[in-house]
Structure formats: structure tokens, C-alpha cells
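Using the UniProt record's numbering, read the sequence shown as starting at 1 and increasing by one per residue. The structure appears right after this line, and notes come after that.
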Amino acid sequence: MSEVNYSEVSEFVFLGLSTSRPMQRFLLSFSTVFYVTIVLGNLLVVFTVVLDSHLHSPMYFLLANLSFMDLCFSTLTIPKMISDLYSGENKISFLGCVIQIFVLHVLGGSEMVLLTTMALDRYVAICKPLHYLTIMSPRMCILLPVTAWVIGFIHAVAQVASIVHLPFCGPNEIDSFYCDLPWFIKLACADTYRLEFMVMANSGFISTGTFFLLIFSYIFILITVWKCSSGGLSKALSTLSAHITVVVLFFGPCIFVYVWPFPTVPVDKFLAILDFLITPILNPAIYTLRNKDMKMAMRRLSSHFLNLRKIS
């Protein structure tokens with residue numbers, strides 16, 4: 001049965017963000033500029049952390065991992081969207097769609113866990129400063145991102161395993177610019193009520209639960225700092241505001257898409273743009289422009305490369 005269905009639907013067609021050609025040209029320019037900025041901005045963060053010894057600390061190690069994940073997250077969908085806007089093809093193979101869903105959930109699940117570990121890092125740094133280097137040891141710094149990737153992989157396997165054998169007998173238009181579970185399931189020629197509920201429970205409740213866990217953890221940190229030293233509250237708030245901004249920007253669209261998985265309005269497309277194009281730009285901007293150590297490290301690196309250029 002499944003083999004017949006696979007042969008009937010060999011590819012999917014993306015309806016994209018707009019059918020208006022002028023709007024498509026605008027989106028092509030907009031997404032190209034933003035994607036180039038994402039690549040340069042996040043690579044700059046990664047290379048700065050790797051090359052500058054002053055930034056070899058747990059916080060910046062986790063930040064470099066976040067930038068790498070953001071870069072992968074955007075690269076998964078945006079180059080394909082740019083190509084489709086340019087060529088007008090808007091097609092993806094059945095296997096390509098399943099792979100995109102799988103990698104999307106690996107990255108999404110991993111980033112959720114990584115943001116949680118970054119909250120843990122800030123809790124230890126602010127509330128237990130004397131034990132910071134003991135708790136956030138080099139071994140722990142390696143273990144946390146590895147754990148994030150493993151959890152993301154397990155989450156993705158659980159999601160994709162439930163959909164790969166769905167029957168598809170004709171409808172193949174996806175009302176978006178990338179593949180994801182809600183639209184994929186909607187095209188199946190079967191009763192998918194239980195599967196829709198499972199997706200909502202798995203992705204929706206996990207993203208919502210993680211979001212509120214992070215918000216409560218930041219509130220707990222601020223209350224703890226306020227009780228210990230009211231003077232340190234403003235400094236802690238300044239540090240955590242960047243993290244809270246990233247959390248809200250990342251989890252907001254996820255919660256909307258999966259808690260309300262089959263919306264009747266196109267707002268989910270533009271929330272996806274926020275997740276794939278806007279947030280990956282804001283992350284390096286938030287963590288670099290508001291961080292003295294990062295700005296000083298970038299100046300040192302730029303001076304170093306300028307001196308090498310003069311010598312050569």
C-alpha cells in the first residue's frame with residue numbers, strides 16, 4: 001500500500017509567500033540580503049569565539065554553538081526559498097521534503113535544549129559565582145551541546161517515524177515555502193486526527209513547556225539576585241534581557257505553529273520568516289553589540305588581520 005502511494009506523489013509544490021511577481025522580487029532581494037547577513041554575522045561570532053583566547057569560557061562556547069545552529073537553521077530553508085523565488089520552480093521531492101522536516105526538528109529540538117543550557121550557565125554564573133568554573137568545567141561545556149544534539153535527534157526521529165508511511169494519493173501543494181509536519185500531514189489521504197494530536201503534544205507542548213521553564217528560570221535568577229544584592233539586579237537584568245529576547249523570538253513562532261497547528265490564516269508563513277530570517281540576525285547582534293568582551297575581541301581580531309595584511 002505505502003509503495004503505491006509513494007509512487008503516486010513523488011514531489012510537492014510550494015505555494016510560497018505570495019503569487020504577486022513584484023512581491024516575489026521584493027522577497028527575493030529581502031531574503032538574499034538577510035541570508036548573507038545571517039551567514040556573515042553568525043560566522044563572525046563563531047570565528048571570534050574560536051580564535052580569541054579571551055573568549056574561551058563556557059558562556060561564549062555556548063554562544064558559538066547557538067550561532068552555528070542558527071546558521072544551519074536558516075540554511076535549511078532560505079537558500080531553497082531564494083532559488084524558488086528566482087526560478088519559479090517551487091518544487092521539492094518527496095524524500096527531500098521528509099529530510100527537510102527531519103533536519104528542521106533536529107535543529108529545533110537541539111536549539112531548545114541549548115537555550116535551556118544557556119539559562120543554566122547564567123544561573124550558575126550569577127547565583128553561584130564561586131563555583132562557576134567547577135560546575136561549568138570543560139567536560140560539562142562539551143557534554144551540554146552534545147546532549148542538545150542527541151535530544152534533538154531523538155525528537156526528530158520520533159516525529160518523522162510517525163509520518164513516513166502516511167498514504168498520499170493526489171494533493172501535493174504545500175501552502176508555505178518549506179516542509180513541516182502540519183502541512184505534510186494535512187496532505188495525507190487518511191484519518192490523521194490522532195497523528196495531529198501527537199504532533200501537537202510532541203512539538204507544541206514541548207516548545208510551550210520549555211518556553212515557560214526558561215521564563216520562570218530567568219525570573220528566579222532575578223529574584224535571587226535581588227534578595228542577595230539589589231545593586232546587582234540592574235546588571236543581571238541587563239545580561240538576561242538579551243537571553244529573554246532570543247527565547248521569545250525563537251519560541252513565539254514555534255508555539256503558534258504547533259499549538260495551533262492548522263491555522264486558517266497565512267500569518268504562520270510570516271512567523272516562519274521571523275524564525276528563519278530575523279531571529280538568526282538578531283542573535284549575533286544582541287550578543288555582540290551589547291557585549292563589551294565580544295566587541296573588544298572583534299577589534300583585536302580585525303587589528304591582527306590588518307597587521308598581517310600590512311606585513312604581507
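C-beta atoms are modelled at their ideal positions from N, C-alpha and C, and glycine is treated no differently. Fair warning: this is a prediction, and the values are worked out from it, not measured in the lab.
For a test of the three-state rule: what should DSSP assign to residue i, helix, strand or coil?
| i | result |
| --- | --- |
| residue 50 | helix |
| residue 177 | coil |
| residue 83 | helix |
| residue 196 | helix |
| residue 14 | strand |
| residue 91 | strand |
| residue 275 | helix |
| residue 166 | coil |
| residue 121 | helix |
| residue 9 | coil |
| residue 268 | helix |
| residue 298 | helix |
| residue 172 | coil |
| residue 116 | helix |
| residue 366 | In the structure displayed, the chain extends from 1 to 312; residue 366 sits before or after that span and is not available. |
| residue 37 | helix |
| residue 242 | helix |
| residue 20 | coil |
| residue 56 | coil |
Could you tell me the distance, in whole angstroms, from the CA atom of residue i to the CA atom of residue j?
| i | j | result |
| --- | --- | --- |
| residue 4 | residue 95 | Its pLDDT being 41, under 50, residue 4 is placed unreliably by the model, and nothing is read from it. |
| residue 22 | residue 77 | 22 Å |
| residue 24 | residue 287 | 32 Å |
| residue 290 | residue 41 | 14 Å |
| residue 202 | residue 181 | 11 Å |
| residue 101 | residue 89 | 20 Å |
| residue 314 | residue 124 | The shown model of the chain, from 1 to 312, leaves out residue 314, and the question about it has no answer. |
| residue 159 | residue 185 | 11 Å |
| residue 298 | residue 43 | 12 Å |
| residue 126 | residue 204 | 31 Å |
| residue 247 | residue 280 | 12 Å |
| residue 19 | residue 296 | 46 Å |
| residue 282 | residue 66 | 12 Å |
| residue 238 | residue 218 | 12 Å |
| residue 255 | residue 32 | 27 Å |
| residue 191 | residue 214 | 36 Å |
| residue 216 | residue 132 | 21 Å |
| residue 240 | residue 143 | 23 Å |
| residue 145 | residue 60 | 12 Å |
| residue 167 | residue 176 | 21 Å |
Name the DSSP bridge partner or partners of residue i?
| i | result |
| --- | --- |
| residue 292 | Its beta-bridge partners do not exist; DSSP assigns none. |
| residue 67 | For residue 67, which the question treats as bridged, DSSP gives no partner whatsoever. |
Candidates the options: which alpha carbon is nearest residue i's?
| i | options | result |
| --- | --- | --- |
| residue 275 | 303, 102, 75 and 162 | 75 |
| residue 57 | 98, 147, 294 and 301 | 294 |
| residue 8 | 244, 146, 189 and 215 | 189 |
| residue 111 | 227, 271 and 210 | 210 |
| residue 38 | 141, 193, 17 and 68 | 68 |
| residue 259 | 300, 306, 133 and 206 | 206 |
| residue 137 | 270, 113 and 62 | 62 |
| residue 79 | 35, 55 and 195 | 35 |
| residue 163 | 130, 187, 224 and 129 | 187 |
| residue 103 | 245, 113, 146 and 179 | 179 |
Report back the beta-carbon spacing between residue i and residue j to the nearest angstrom; my notes put them in contact at under 8 Å.
| i | j | result |
| --- | --- | --- |
| residue 222 | residue 242 | Going by Cβ atoms, the distance from residue 222 to residue 242 rounds to 14 Å, so no, they are not a contact pair. |
| residue 15 | residue 174 | 7 Å |
| residue 55 | residue 49 | 5 Å |
| residue 277 | residue 257 | Actually they do not touch by this definition, with Cβ atoms about 15 Å apart. |
| residue 148 | residue 117 | 7 Å |
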